[in-house]
Every structure is written in C-alpha cells, then in structure tokens.
Amino acid sequence: MKKVKIIEEQCIFCGQCEAIAPEVFKIGEKAEVLLEEIPPEHEESVQEAIDACPTDAIVWTEETTS
Ligand code: SF4
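In this note's numbering, the protein residues as written are 1 to 66.
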C-alpha cells in the first residue's frame, strides 16, 4: 500500500489536509499522518489533500517491496 508523509518544515498548519481527509491527517501541535499505510479507499482523498496543500508539504512515499 502507498504511504504518505508531511514534510513538517514546509507545513504552515493551515488545516486543509485535515479538512479534506480527516481520517488520514491530523493537524494540531504538529502535523501528523494517522495511518501508517493508506488503504485504496482513501487514496483519492489523500491526493486531493496533496493537490490542495498550499506549500506542497504532503508527498507520497511508495512502499518499497523487498
Ligand atoms: S494542507 Fe499542507 S500546509 Fe496545510 S496543514 Fe496540511 S500539510 Fe500543512
């Protein structure tokens, strides 16, 4: 499954990602990704959050298969 992370140095804590995908992102004292791996049914909302993030702070990190 795909993984996603927030580059904290780029995050301005605007809360957009949490508004779009509250099951995945939690923005409080720090920017958190709640799910270790993103299930397929959440991929679309995560992509929406990535597109909406004003500072491009959210990035996919592909699962490496070994
Ligand atoms: S949308 Fe981007 S800048 Fe805004 S809180 Fe989420 S990660 Fe941070």
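Think of the CB as a built atom: it goes at the ideal place given N, C-alpha and C, for glycine as much as any other residue. Computed from a predicted structure; not experimentally measured.
For this session: Within the same chain, show all residues whose beta-carbon is closer than 7 angstroms to that of I58, passing over the 5 residues directly before and after it, in chain order.
Result: V4, I6, C17, A49, I50
For this session: Mind checking who K3 pairs with in its DSSP beta bridge?
Result: T61
Exercise. Going by the CB atoms, is the gap between K30 and E8 shorter than 8 angstroms?
Worked result: yes
Exercise. Exposed or buried, what is I38 when buried is set at 16 or more other beta-carbons lying within 10 Å of its beta-carbon?
Worked result: buried
Exercise. Just to check, is the beta-carbon of T55 closer than 7 angstroms to a non-hydrogen atom of ligand 1?
Worked result: yes
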